[in-house]
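S.K.: In full-length UniProt numbering, the protein residues as written are 1 to 714.
My questions all concern the structure below.
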Amino acid sequence: MEELQSLDPRRQELLEARFMGAVSGSTGGSTGSTSGGAKGLINNECSNHSFGSLGSSSDKESENSDLKRGGSPAYSTPEKKHSETTRRKRKADNQSESNQGKSSGRGAKISDYFDFHAGNGSSPVRGMPPGLRAPHGSHSAPGSIVRQNSSSPTSLCFSDHMMQPKQLGIRSVQTDLTLLKLAALESNKNLDLEKKEGRIDDLLRANCDLRRQIEEQQKLLERYKERLNKCTTMSKKLLIEKSTQEKQSCREKSMQDRLRLGHFTTVRHGASYTEQWTDGYAFQNLVKQQESVNQQREEIERQRKLLAKRKPPNTAPSQSPAPFNESKPRKTKAVNGADSDPFVKPSLPTLLTLAEYHEQEEIFKLRLGHLKKEEAEIQAELERLERVRNLHIRELKRISNEDSSQFKDHPTLNDRYLLLHLLGRGGFSEVYKAFDLFEQRYAAVKIHQLNKNWREEKKENYHKHACREYRIHKQLDHPRIVKLYDYFSLDTDTFCTVLEFCEGNDLDFYLKQHKLMSEKEARSIVMQIANALRYLNEIKPPIIHYDLKPGNILLVDGTACGEIKITDFGLSKIMDDDNYGVDGMDLTSQGAGTYWYLPPECFVVGKEPPKISNKVDVWSVGVIFFQCLYGRKPFGHNQSQQDILQENTILKATEVQFPPKPVVSNEAKAFIRRCLAYRKEDRYDVHQLCSDSYLLPHIRRTNSSGNLQATPTS
1 MEELQSLDPR
11 RQELLEARFM
21 GAVSGSTGGS
31 TGSTSGGAKG
41 LINNECSNHS
51 FGSLGSSSDK
61 ESENSDLKRG
71 GSPAYSTPEK
81 KHSETTRRKR
91 KADNQSESNQ
101 GKSSGRGAKI
111 SDYFDFHAGN
121 GSSPVRGMPP
131 GLRAPHGSHS
141 APGSIVRQNS
151 SSPTSLCFSD
161 HMMQPKQLGI
171 RSVQTDLTLL
181 KLAALESNKN
191 LDLEKKEGRI
201 DDLLRANCDL
211 RRQIEEQQKL
221 LERYKERLNK
231 CTTMSKKLLI
241 EKSTQEKQSC
251 REKSMQDRLR
261 LGHFTTVRHG
271 ASYTEQWTDG
281 YAFQNLVKQQ
291 ESVNQQREEI
301 ERQRKLLAKR
311 KPPNTAPSQS
321 PAPFNESKPR
331 KTKAVNGADS
341 DPFVKPSLPT
351 LLTLAEYHEQ
361 EEIFKLRLGH
371 LKKEEAEIQA
381 ELERLERVRN
391 LHIRELKRIS
401 NEDSSQFKDH
411 PTLNDRYLLL
421 HLLGRGGFSE
431 VYKAFDLFEQ
441 RYAAVKIHQL
451 NKNWREEKKE
461 NYHKHACREY
471 RIHKQLDHPR
481 IVKLYDYFSL
491 DTDTFCTVLE
501 FCEGNDLDFY
511 LKQHKLMSEK
521 EARSIVMQIA
531 NALRYLNEIK
541 PPIIHYDLKP
551 GNILLVDGTA
561 CGEIKITDFG
571 LSKIMDDDNY
581 GVDGMDLTSQ
591 GAGTYWYLPP
601 ECFVVGKEPP
611 KISNKVDVWS
621 VGVIFFQCLY
631 GRKPFGHNQS
641 QQDILQENTI
651 LKATEVQFPP
661 KPVVSNEAKA
671 FIRRCLAYRK
681 EDRYDVHQLC
691 SDSYLLPHIR
701 RTNSSGNLQA
711 TPTS
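Encoded structure:
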């Protein structure tokens, strides 16, 4: 509006005449409404029509009417301003004169053009619905939002159009949105933007919080890692100290036992040296005691013979022999006239009374009984010392192998397994007791070392064999089978397998120490072996262990009354569909294994390899059970594997013979016969073995009513 007021008075008059002049000549009451409508058009912001566009349209119509009359447009250049003003004044006078003579003229049409109620003109406002038009009212109408003096965008837009009129068409397409709706949309948009900005701010703050938490957690993790490293370092230090102390104590004990139990001495035989065992003073003392007992026994036997010579004859009860002091000595004649002869014939022993004889006889019997008891004690002590000596010899060999091992200084293999001390040594492997620093548990690490002088082909075969054992053993998960934890390589000639660690010894060592065990203990071991074999035959594909023997059965507690675990699957066979048929699978490794525990079909030599099945393991179970009960092997006892192979010992083992002692139940003997059947067609398989009545709880009648109760065998 300020721009409108800044115009010169003449132009303002022309504008007023254009908007309001024609209305003054119309009927009464229309002038006020028209002028109010024009002012409302300028001041009302609720209309969705541009004031500039309306002004431009009215200017267009006036210009068009002028052009029809042959005049010029209302807006002209400054050079023609005076002529245009005069012409417009003349036009206004003509219009007023025509309005007086006619009731309807062009001035009325201009008034109608700006009429907001009627609507037959060409103005865009007339074509709008009543709800979208600007409200009618005066300048001071309460519904007016923008006053005349306001510098709203609408007034600026109107002034812009006044200053720079645009050539718009008579019919213009307008939007249906009102300013209220636009304001509502704008407010909604602003609210959405505010929400989004708030959400972004929240996310940024949350992101900052998360980053801060991550940094704190990373710092905490670093502290935990540092603490864990310290704990691991301290654990390693303590374990190494403990292992060093144990090694030292073992060596000190071995040095003490060297004097008591014996030691190895190196003896030269020609150009070679051999180790010879020398017993210690404990065995020497026992030998001396045994010699003393033998001497006492010989002395007692000699005195008993003398006593037999002095035994009184059988006389009547009324007659009693003469007293020993009253017996008359025999007179001897002098030889060659000499009264004293140094070679005098000894006199006969005097006879004893019957009571004296029985008294001496009883004393001799008691002395012999005491010597017999003492000899039994010496024999028992000797057997105990022999068992201790076996342990001592085993420990001496272990210490010697440990001192010569390259892993003796507690290395950490694969950054995880801390080696503590050597458990045993085989042909091409060493087994160490180790500690798993990750899982915090003890483990047995088996280190396979290949001979560097071997050909590459032999190394590949050995490695392939070990990998095959690893693949078979890795998939097994049973409480009666030693678990395989890990497998890794150290270099091209060394690789390791990590196994479950068991504190006890194997069954072979136990039998060497105790010779045999009770039937109840042996039955418990066989039941556990049978359960493990059933698991091996229920998995897919089934597995034949093929090397079951006391050395591959670990006693967890070191006793025969505890749990057992089966190990060493190096010779196991996989019974897959490609290799296993109805009659079994081909034995491709004939000659391998432990001959005392293999069935006869493994020794058959022919054009084709023999067929084997899980009945091989059943035969091994029978041999192990027999050995646990009787302390000896049923076939080939005290024979070497070479002798067994040359003499065909197993091929001739058609029937098992049971020693008279110790006493074993008939059920156990029948079970052994079923396991050691010569023909494999007559022998149990694994499933029949597990369901045998001897391994199941026995059924007995507890009362006369026929109630049954399951009780284990005693």
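C-beta atoms are modelled at their ideal positions from N, C-alpha and C, and glycine is treated no differently.
This structure is a prediction, so every number in the text was calculated from the model and none was measured.
1. Would you check whether the ligand NAD has a heavy atom nearer than 8 Å to the C-beta of I539?
2. Tell me, which residues are paired with S489 by DSSP?
3. Relative to the alpha-carbon of L571, which residue among S235, L598, G369 has its alpha-carbon at the smallest distance?
4. Report buried or exposed for L366, applying the criterion of at least 16 other Cβ atoms within 10 angstroms of its Cβ.
5. Alpha carbon to alpha carbon, how far is A522 from Q379?
6. At the level of alpha carbons, what is the spacing between A376 and Q406?
7. Can you tell which of S691, K615, N451 has the C-alpha that lies nearest to the C-alpha of R683?
8. In the DSSP assignment, find the alpha helix (DSSP H) that holds L423 and state where it starts and stops.
9. Can you name the residues that DSSP bridges to G262?
10. Just to confirm, is the Cβ distance from L476 to I447 under 9 Å?
11. Determine the closest residue to D685 out of K607, L533, R304, with distance taken between C-alpha atoms.
12. What is the rounded straight-line gap between the Cα of G558 and the Cα of F626?
13. Do R389 and S261 count as a contact pair if the criterion is CB distance below 9 Å?
14. Under 9 Å, do I650 and G631 count as touching if we go by C-beta distance?
15. With DSSP as the reference, please indicate the residues paired to T274 in a beta bridge.
16. Would you mind working out which of V623, Y546, S620, A530 sits nearest A592, comparing C-alpha positions?
17. Using a Cβ-Cβ cut-off of 7 Å (strictly less than) and excluding sequence neighbours within five positions of E395, which residues of its own chain qualify?
18. What separation, rounded to the nearest whole angstrom, lies between the Cα atoms of E359 and G369?
19. If you follow the beta strand (DSSP E) that A677 is in, where does it begin and where does it stop?
20. Check L484 in the structure and name its three-state DSSP category.
21. What's the C-alpha gap between D192 and G198?
22. Are P609 and D577 closer than 9 Å when you measure CB to CB?
23. L696: which of K565, N531, Q12 sits nearest, CA to CA?
24. Measuring alpha carbon to alpha carbon, tell me which of G280, Q513, L420 ends up nearest E246.
25. Closer than 6 Å by C-beta to P9: which residues in its own chain qualify, once you throw out the five before and the five after it? Chain order, please.
26. With a cut-off of 8 Å on the beta carbons, I'd call I564 and I553 a contact; round off their distance for me.
27. Note down the Cα distance separating A466 from I624, rounded to an integer number of angstroms.
28. Under three-state DSSP, which class holds M575?
29. Can you tell me whether W277 is buried or exposed, with buried defined as 16 or more other CB within 10 angstroms of its CB?
30. Just how far apart, CA to CA, sit F435 and K397?
31. So, is R441 buried or exposed, given that buried needs 16 or more other C-beta atoms within 10 angstroms?
32. Residues bridged to F435 by DSSP?
33. Since L286 contacts L382 with CB under 8 Å, what's their CB separation in whole angstroms?
34. Helix, strand or coil for D557 per DSSP?
35. Given a threshold of 16 other Cβ atoms within 10 Å of its Cβ, counted over all protein chains shown, does K661 qualify as buried or as exposed?
36. Rank K458, E460, L676, Y694 by C-alpha distance to the C-alpha of K667 and give the top, closest one.
M.R.: With the given structure in hand:
1. Only the bare structure without any ligand can be found here, which leaves the ligand NAD out of the picture.
2. As a first step, residue 489 must be located in the sequence shown, where it is residue number 489. Its beta-bridge partners are F495.
3. Indexing the sequence shown from 1 puts residue 571 at position 571. Residue L598 is the option with its Cα nearest to L571.
4. Against the sequence shown, residue 366 aligns to sequence position 366. With fewer than 16 Cβ atoms within 10 Å of its Cβ, L366 is classed as exposed.
5. As a working note, residue 522 is residue 522 in the sequence shown. As a working note, residue 379 is residue 379 in the sequence shown. Those two C-alpha atoms are separated by around 26 Å.
6. In the sequence shown, counting from the first residue as 1, residue 376 sits at position 376. In the sequence shown, counting from the first residue as 1, residue 406 sits at position 406. About 47 Å.
7. To locate residue 683, count along the sequence shown from 1; it is residue 683. Closest by alpha carbon: K615.
8. Counted from its first residue, the sequence shown places residue 423 at position 423. That residue, L423, is in no alpha helix (DSSP H); its beta strand (DSSP E) goes 417-425.
9. Sequence index remark: in the sequence shown, residue 262 carries index 262 (1-based). BP columns for G262 point to D279.
10. Within the sequence shown, the letter at position 476 stands for residue 476. Within the sequence shown, the letter at position 447 stands for residue 447. No; because the gap between Cβ atoms is not below 9 Å, this pair is not in contact.
11. Here residue 685 corresponds to residue number 685 of the sequence shown, with the count starting at 1. D685 has its Cα closest to that of L533, out of K607, L533, R304.
12. Start at 1 with the first residue of the sequence shown, and residue 558 comes out as number 558. Start at 1 with the first residue of the sequence shown, and residue 626 comes out as number 626. Roughly 20 Å separates the two Cα atoms.
13. To locate residue 261, count along the sequence shown from 1; it is residue 261. To locate residue 389, count along the sequence shown from 1; it is residue 389. Note that residue 261 is Leu in the sequence shown, not Ser. Taking 9 Å as the Cβ cut-off, L261 and R389 qualify as a contacting pair.
14. Translated into positions along the sequence shown, residue 650 becomes position 650. Translated into positions along the sequence shown, residue 631 becomes position 631. Contact: no.
15. Taking the sequence shown and counting its residues from 1, one reaches residue 274 at position 274. Note: T274 sits in a beta bridge opposite V267.
16. One-based indexing of the sequence shown puts residue 592 at position 592. Comparing Cα positions, the closest option is Y546.
17. Here the question's residue 395 lines up with position 395 in the sequence shown. Excluding sequence neighbours, E395 sits near C250, S254.
18. Taking the sequence shown and counting its residues from 1, the one referred to as residue 359 is at position 359. Taking the sequence shown and counting its residues from 1, the one referred to as residue 369 is at position 369. Cα-Cα distance, rounded: 16 Å.
19. In the sequence shown, counting from the first residue as 1, residue 677 sits at position 677. Element bounds for A677: n/a, residue is neither H nor E.
20. Here residue 484 is taken as the residue at index 484 of the sequence shown, counted from 1. The answer is strand: DSSP assigns L484 an E or B state.
21. Against the sequence shown, residue 192 aligns to sequence position 192. Against the sequence shown, residue 198 aligns to sequence position 198. Roughly 9 Å between the two C-alpha positions.
22. Here residue 609 is taken as the residue at index 609 of the sequence shown, counted from 1. Here residue 577 is taken as the residue at index 577 of the sequence shown, counted from 1. No, Cβ-Cβ distance for P609 and D577 is not below 9 Å.
23. Position 696 of the sequence shown, counting from 1, holds the residue named residue 696. The residue with the shortest Cα to Cα distance from L696 is N531.
24. Numbered from 1 along the sequence shown, position 246 holds the residue referred to as residue 246. Taking only the C-alpha atoms, the option nearest E246 is L420.
25. Residue mapping note: residue 9 aligns to position 9 of the sequence shown, counting from 1. Excluding residues within five positions, none has a Cβ falling inside 6 Å.
26. On the sequence shown, position 564 is the one that residue 564 refers to. On the sequence shown, position 553 is the one that residue 553 refers to. Confirmed, about 5 Å.
27. Your numbering for residue 466 matches position 466 in the sequence shown. Your numbering for residue 624 matches position 624 in the sequence shown. Going from the Cα of A466 to the Cα of I624 covers about 26 Å.
28. For this step, residue 575 is matched to residue 575 along the sequence shown. Coil, per DSSP.
29. Within the sequence shown, the letter at position 277 stands for residue 277. With fewer than 16 Cβ atoms within 10 Å of its Cβ, W277 is classed as exposed.
30. As a working mapping, residue 435 is identified with position 435 in the sequence shown. As a working mapping, residue 397 is identified with position 397 in the sequence shown. Cα-Cα distance, rounded: 23 Å.
31. Taking the sequence shown and counting its residues from 1, one reaches residue 441 at position 441. Counting Cβ neighbours within 10 Å, R441 comes out exposed, since fewer than 16 surround it.
32. Taking the sequence shown and counting its residues from 1, one reaches residue 435 at position 435. In the DSSP output, where bridge partners are listed per residue, F435 has L418, Y442.
33. The residue given as residue 286 occupies position 286 in the sequence shown. The residue given as residue 382 occupies position 382 in the sequence shown. Contact holds; Cβ gap of about 5 Å.
34. Taking the sequence shown and counting its residues from 1, the one referred to as residue 557 is at position 557. The answer is coil: DSSP assigns D557 none of H, G, I, E or B.
35. The sequence position of residue 661 within the sequence shown is 661, counting from 1. K661 should be labelled exposed.
36. In the sequence shown, residue 667 corresponds to position 667, counting from 1. The sequence shown places Glu at residue 667, not Lys. Of K458, E460, L676, Y694, the residue nearest in Cα terms is Y694.
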